[in-house]
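Here is the structure we will look at, set down as structure tokens.
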Amino acid sequence: MTAAVERPAATRHRPSTFALKQVMAITGVVFVAFTFIHMYGNLKVYWGRQALDGYATWLREVGYPLLPYKSVLWALRITLLVSLVAHVWAAVALWLRGRAARGKHRRRAMPRSMAWGARTMLPGGVWILIFVVVHLLDLTVGLIVAPESWAAQGPDGLIPAYDNLVASFSRPLMAAYYTFTMFVIAFHIWHGWRTLLQDWGITGRRIRVVWATIGALIALAIVLGNAAIPLLVLTGVIA
Amino acid sequence: MRVEIEVWRQDSPEADGRFETHVVEDATPEMSLLELLDRLNDQLAEGGVEPIQFESDCREGACGACGVTVNDTPHGPVPQTPSCRQHLRAFGPGRGGSPNLDSGSSASANLDLGSLLKLRIEPLRSAAFPVVRDLVVDRSSLDRLIQAGGHVDVTTGTAPDADDLLIGHDDAELALDFAACIGCGACVAACPNGAAHLFAGAKLAHLALLPHGKLERTRRAGAVVDQLDGEFGPCSSYGECVEVCPAGIPLTAVAAVHREKLRAAFRR
Ligand code: HEM
Ligand code: SF4
Ligand code: FES
Numbered sequence: 001m002t003a004a005v006e007r008p009a010a011t012r013h014r015p016s017t018f019a020l021k022q023v024m025a026i027t028g029v030v031f032v033a034f035t036f037i038h039m040y041g042n043l044k045v046y047w048g049r050q051a052l053d054g055y056a057t058w059l060r061e062v063g064y065p066l067l068p069y070k071s072v073l074w075a076l077r078i079t080l081l082v083s084l085v086a087h088v089w090a091a092v093a094l095w096l097r098g099r100a101a102r103g104k105h106r107r108r109a110m111p112r113s114m115a116w117g118a119r120t121m122l123p124g125g126v127w128i129l130i131f132v133v134v135h136l137l138d139l140t141v142g143l144i145v146a147p148e149s150w151a152a153q154g155p156d157g158l159i160p161a162y163d164n165l166v167a168s169f170s171r172p173l174m175a176a177y178y179t180f181t182m183f184v185i186a187f188h189i190w191h192g193w194r195t196l197l198q199d200w201g202i203t204g205r206r207i208r209v210v211w212a213t214i215g216a217l218i219a220l221a222i223v224l225g226n227a228a229i230p231l232l233v234l235t236g237v238i239a
Numbered sequence: 240m241r242v243e244i245e246v247w248r249q250d251s252p253e254a255d256g257r258f259e260t261h262v263v264e265d266a267t268p269e270m271s272l273l274e275l276l277d278r279l280n281d282q283l284a285e286g287g288v289e290p291i292q293f294e295s296d297c298r299e300g301a302c303g304a305c306g307v308t309v310n311d312t313p314h315g316p317v318p319q320t321p322s323c324r325q326h327l328r329a330f331g332p333g334r335g336g337s338p339n340l341d342s343g344s345s346a347s348a349n350l351d352l353g354s355l356l357k358l359r360i361e362p363l364r365s366a367a368f369p370v371v372r373d374l375v376v377d378r379s380s381l382d383r384l385i386q387a388g389g390h391v392d393v394t395t396g397t398a399p400d401a402d403d404l405l406i407g408h409d410d411a412e413l414a415l416d417f418a419a420c421i422g423c424g425a426c427v428a429a430c431p432n433g434a435a436h437l438f439a440g441a442k443l444a445h446l447a448l449l450p451h452g453k454l455e456r457t458r459r460a461g462a463v464v465d466q467l468d469g470e471f472g473p474c475s476s477y478g479e480c481v482e483v484c485p486a487g488i489p490l491t492a493v494a495a496v497h498r499e500k501l502r503a504a505f506r507r
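What follows is the structure in structure tokens.
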């Protein structure tokens, strides 16, 4: 190995790449936990209108009267927002560092490469980011993309989550968009979870297999639990 | 056998490179990639043209000196095999030629004599590996990683008795597996992020398993991760490094980088 070329002294990044990867990993796990619990809550839809509306209403009341109304909900929302900003910021910073480090000559993907999980992380992440905005406008605040019959509160004082959901998913394009996005999220989790092995230095052979399997199962559960809902609305099973 | 070679020419580190196309008419399936380049260089020399510069030493997969990118794959189309051990008989016909994975003699069945083989040969690509000339790159960024922490720097006294320090069989085997890295740098060139985690992790995992290496484990982890940060990219678990590594270093070496770093962080 020749040393014919003078290289500038190594430039340390701030924050370090190691720190950014930990930010990515921790916020990623926050999202996985959220997505899983959110999916679990969504399962109430299979028990009918009361179950889902009651759940949505409970989310606002939980902790009351010990804590102010909606305080737990807002605490969760703020945690998620902070995580989202950190996750996206770290993702972009890492991507830029990777670009710079690989240099200006780009190979095509290797023919046998199994790296398509990693390749889809950034585009998939951007897709999810857009979805988060659409989803909130659609079913949480009811602006712009919401169905006409969207309501913030029903006459009974409950959150009419069920009717809002059915109204939204009765639009085939919207239903397809939600369903497809669930696959994107599952894919993101599937590879993200495997990346955690490297981020957190898990080297044991058996635990690596177990860990990867858990990630795949979480991803599968999110697809099965969530993606079915728009399809069942479209086919009239949930109405 | 006729082989069409598109090869990278670059006169100096500062110069713009370019691809040049040459044809070797009398290649044989037994030739390795490097022998093909030797043959081409003979041809160029006969024509009074500067030969193509490339690196090699042992030509038996032991030293790590060789390494070129062939049809977009570092080292060449045969997985986990250094350029010097890649033989034409194992290549499928056509550009990007889906390699015939068993490199035995039966593989030449799909290579009729006279069939056209197209190879695009360029240097190992990474910002950490500036081109010196043609196919020769400067891999001293890997040396700097080793200088930062890929060594054992303790006073061990006079040579100890053979069985003074016992190392369990499994640990010894595992350490040897990680020590198999030949320092070729293909993992860095394969990585879409230009990361050197496979190389660095192999060294960290190897030294963390052995009694003398353990003495500096904490300091080493910090120094190596710092150096990685300075000259290489982040790891996003593409796993392409593992596919090209001629030493068969597994992805657990990559995990060992953060295992060592996290361990060091909690020991401060
Ligand atoms: C909102 C937009 C999002 C963007 C732009 C995004 C982007 C990314 C990118 C680029 C990575 C790869 C980082 C790397 O290894 O270089 C990643 C990792 C990850 N993401 Fe996301 N993501 C988003 C949302 C989510 C969501 C909703 C979840 C969970 C449901 C999630 C879970 C994860 C996990 C677990 C990882 C692995 C952690 C790691 O890389 O260390 N992400 N994300
Ligand atoms: S880890 Fe493998 S590919 Fe990387 S330098 Fe060592 S032998 Fe070469
Ligand atoms: S020339 Fe020594 S490994 Fe290829």
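So the sequence lines, in the order shown, correspond to chains A and B. Note that the working numbering numbers the first sequence so that position 210 is 210, with each residue one more than the last. Residues are numbered in the working numbering as their position in the second sequence, beginning at 1, plus a constant of 239. Even for Gly, the Cβ is constructed at its ideal location relative to N, Cα and C.
- Relative to the ligand HEM, the beta carbon of Gly-28(A) is positioned inside 8 Å of a heavy atom.
- Sequence-distant partners of Pro-431(B) (beyond 5 residues in either direction) whose C-beta falls short of 6 Å from its own C-beta, in its chain, are Tyr-477.
- Contact note: Ser-16(A) reaches chain B through Val-464, Asp-465, Asp-468, using a C-beta cutoff of 9 Å and chain order.
- With contacts defined by Cβ atoms closer than 9 Å, Gly-461(B) and Gly-388(B) form a contacting pair.
- Counted as a single uninterrupted DSSP element, the stretch harbouring Glu-245(B) is not any alpha helix (DSSP H) but the beta strand (DSSP E) occupying residues 241-248.
- Look at Glu-499(B) here: in three-state DSSP terms it is helix.
- DSSP places His-13(A) in the coil class of the three-state scheme, outside both helix and strand.
- Take Thr-79(A), set aside five residues on each side of it, and the residues of its chain with a beta-carbon closer than 8 Å to its own are Val-30, in chain order.
- Using a Cβ-Cβ cut-off of 7 Å, Thr-195(A) is close to Ser-475, Ser-476 of chain B, given in chain order.
- The criterion of a C-beta distance shorter than 9 Å is not satisfied by Glu-243(B) and Leu-374(B).
- Taking 9 Å as the cut-off, the Cβ atoms of Gln-319(B) and Ser-271(B) do not count as close.
- When only Cα atoms are considered, Ala-495(B) and Gln-50(A) end up about 51 Å apart.
- In the DSSP annotation of this structure, Glu-269(B) is not part of any alpha helix (DSSP H), being labelled neither H nor E.
- Against chain A, a Cβ distance below 8 Å from Ser-365(B) picks out Ala-101, Arg-102, Gly-103.
- In the three-state scheme derived from DSSP, where H, G and I count as helix and E and B as strand, Pro-230(A) is classed as helix.
- Contact between Pro-450(B) and Leu-404(B) holds, with the beta-carbon distance rounding to 5 Å and staying under 8 Å.
- With a threshold of 9 Å between beta carbons, Trp-89(A) makes no contact with chain B.
- For Ile-202(A), the chain B residues whose C-beta falls within less than 7 Å of its own C-beta are Ala-494, listed in chain order.
- Asp-255(B) and Val-371(B) have their C-alpha atoms spaced approximately 12 Å apart.
- Judged by beta-carbon spacing, Ala-90(A) lies within the 9 Å limit of Met-24(A), meaning their Cβ atoms are closer than that value.
- The count of Cβ pairs closer than 8 Å, one atom from the region 221-230 of chain A and one from the region 257-266 of chain B, stays below three, leaving the stretches out of contact.
- For Ile-218(A), the shortest C-beta to heavy atom distance toward the ligand FES is 8 Å or greater.
- By the beta-carbon neighbour count (other beta carbons within 10 angstroms, threshold 16), Tyr-40(A) is exposed.
- When CB distances to chain B are screened at a threshold of 7 Å, the residues of the region 115-129 of chain A falling below it are Ala-115, Ala-118, Met-121, in chain order.
- In the structure shown, Thr-120(A) adopts coil according to DSSP, grouped into three states.
- In the structure shown, the three-state DSSP call for Glu-479(B) is helix.
- Sequence-distant Cβ neighbours of Thr-457(B) in its own chain, meaning closer than 7 Å and more than five residues away, are Ala-503, Arg-506.
- When Cβ pairs closer than 8 Å are counted between the two stretches, the region 193-210 of chain A is seen not to touch the region 141-156 of chain A, the count staying below three.
- Distance between Ser-83(A) and Leu-73(A), taken at the CA atoms: about 15 Å.
- For Phe-258(B), the shortest separation between its Cβ and any heavy atom of the ligand HEM does not lie below 8 Å.
- Cβ atoms of Ala-434(B) and Cys-474(B) come within 8 Å of each other, at about 5 Å.
- Distance check between Ala-175(A) and each of Thr-195(A), Ile-238(A), Leu-220(A), Ser-16(A) places Ile-238(A) closest, using alpha-carbon atoms only.
- Assignment of beta-bridge partners to Thr-260(B) by DSSP yields Glu-245(B).
- Approximately 10 Å separates the beta-carbon atoms of Val-493(B) and Leu-443(B); this is outside 8 Å, ruling out the contact.
- Nearest C-alpha to Ala-219(A) among Arg-77(A), Trp-190(A), Ala-19(A), Ala-167(A): Trp-190(A).
- Chain B has a Cβ within less than 9 Å of the Cβ of Gly-98(A).
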